[in-house]
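Numbering (full-length UniProt numbering), first residue to last: 1 to 467.
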């Protein structure tokens, strides 16, 4: 391990402290706003690592102090180690499964790290080693998780300092196409990982509702808990549970006082109904399917659906197929399936599993176009009890639109918090070591203030109920 004392307290190599050296891994959808923010500082040099040459070149175009490199962190750990060794901080925008590989390299070389992803058990297990190495690894500093934490903790700490209690906390967040761009059966277009969007509907969920702990198993049961939402009357919204909310009752410091703690995913109304249709057809399946082996014979979407619902493809008439599909998912959903080409004789790109093959198909049809824009919506609802017995309903709402042909709202709201946190580590504003979450005032206050300067600001509403 490189000796920790070769680093200054700011995480910058003492011998070359004039330049801050940042390694950014991942050149995907959220990268550009992060690079643009960091590149404003003339004392910064950025190495941008990605696995696709075109992505790396395009996203770094016009920024003189960015060195693009090709890297596969799984195939070339030696290359990763060399790049980490030359950096003062690493920002990982890679899929969350790869953060552990990057964190191991950072620990071995005494290099700080930032990621916008959830703190997984594997990453949490590295906490003591990161502390021993004297490094800071900031996690969950994107949008969700990220900005949602900052706004929640700001409100909760303010209530506690004034002597109040948070009796309920309900939060929803989602990245969506702007309403005028949501013209498809999903009411959705992809502004981030398509696979992540579909996998999110298969996850487990745990939350508190009126003091009752509710656990929903994996496999799509969270969609059965979807409900219509009305906090923005001009939008037709619905939401469903997301991951483990109970964990955040403890992390937010409200476990002893809150009877309801819920975090959910936000979508336009109609999304969950159509996702349920795809599940019933067997298309949201992570298990390898013999008909989808990459080396197997060609298959069309019509034949694949026949296979999945147990209908022989020999001499099958299209009307028969539609009748069988209608029996399973309802006749009113047939047009949506036809619109997306899932009952047609178009060839399937076989990627082993139904889910991955479907992802590839949908990306071509449901990605944001150059003239499209997206919108990010985040909503927190707090039920507050004050010492005098009065109750208050406080709502915090963030709505951020992307620019057609420019940065998406998702990219800005994920990339900018991560960039700000990285700067704070480099400048010594974040001193905590190990695996760090953005829950302390010395983190959330300056990050929110700097986001406001970038035009990202939430609005607050308060309704007080007399004691």
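We put the CB at the ideal spot given by N, CA and C, even for glycine.
query, result
"Beta-carbon separation (whole angstroms), residue 50 vs residue 87, contact threshold 8 Å", "Residue 50 to residue 87, Cβ: 15 Å. No contact."
"Between the CA atoms of residue 203 and residue 265 - distance to the nearest angstrom", "12 Å"
"Any C-beta of chain B under 8 Å from that of residue 44", "No chain B appears in this structure, which consists of one protein chain only."
"Closest by C-alpha distance to residue 341, when choosing among 227, 303 and 454", "303"
"Check whether residue 433 and residue 47 have beta carbons under 8 Å apart", "no"
"Secondary structure, alpha helix (DSSP H): runs of 4+ residues fully inside the segment 97-144", "99-109, 121-124 and 127-133"
"Anticipated Cβ contact below 8 Å, residue 208 with residue 261, distance rounded", "5 Å"
"Whole-Å CB distance - residue 410 paired with residue 163, under 8 Å assumed", "Actually they are not in contact, since the Cβ atoms of residue 410 and residue 163 sit about 38 Å apart, beyond 8 Å."
"Residue 284 (DSSP reduced to helix, strand or coil)", "coil"
"Reduced DSSP category for residue 213 - H, G, I as helix; E, B as strand; rest coil", "strand"
"For residue 301, the nearest candidate out of 357, 335 and 326 (CA to CA)", "357"
"Inter-residue Cα distance where the pair is residue 168 and residue 249", "10 Å"
"Residue 182 vs residue 379 beta-carbon contact at 8 Å", "no"
"Residue environment, residue 498, which counts as buried when at least 16 other CB atoms sit within 10 Å", "For the chain, the structure presents residues 1 to 467; residue 498 sits outside this window and is missing."
"Rounded separation between residue 389 and residue 395 - CA only", "20 Å"
"Status (buried if at least 16 other CB within 10 Å, exposed otherwise) for residue 232", "exposed"
"Candidates 109, 100, 79 and 72: closest to residue 89 by CA position", "109"
"Status (buried if at least 16 other CB within 10 Å, exposed otherwise) for residue 74", "exposed"
"For residue 27, the three-state DSSP class (helix, strand or coil)", "coil"
"Per DSSP, cross-strand counterpart(s) of residue 384", "166 and 392"
"7 Å CB neighbourhood of residue 353 in its chain, flanking five on each side removed", "285, 286, 287, 288, 289 and 292"
"Distance, residue 333 Cα to residue 326 Cα", "7 Å"
"Residue 376 Cβ short of 7 Å to the ligand ATP heavy atom set", "Among the components of this structure there are no ligands whatsoever, and the ligand ATP is therefore not found."
"Length of the line joining the Cα atoms of residue 38 and residue 69", "18 Å"
"Environment of residue 161 [buried if 16+ CB atoms lie within 10 Å]", "exposed"
"Residue 165 beta carbon less than 8 Å from that of residue 257", "yes"
"Terminal residues of the alpha helix (DSSP H) in which residue 435 lies", "Per DSSP, residue 435 belongs to no alpha helix (DSSP H); it is in the beta strand (DSSP E), 434-436."
"Rounded distance between the beta-carbons of residue 94 and residue 84, thought under 8 Å", "Actually they do not touch by this definition, with Cβ atoms about 13 Å apart."
"Touching by the beta-carbon criterion (3+ pairs, under 8 Å), the segment 147-157 and the segment 233-253", "yes"
"Three-state secondary structure assigned by DSSP to residue 244", "strand"
"Terminal residues of the beta strand (DSSP E) in which residue 266 lies", "260-268"
"Contact check, residue 366 vs residue 190, beta carbons under 8 Å", "yes"
"Beta-carbon contacts of residue 5 that lie in its chain and below 6 Å, excluding the five residues immediately before and after", "Confidence at residue 5 is low in this model, with a pLDDT of 37, below 50, so its placement is unreliable and the value that follows should be read with caution. Answer for residue 5: no residue qualifies."
"For residue 435, the nearest candidate out of 461, 111 and 321 (CA to CA)", "111"
"Residues bridged to residue 190 (per DSSP)", "367"
"Inter-residue spacing [alpha-carbon to alpha-carbon] between residue 324 and residue 278", "14 Å"
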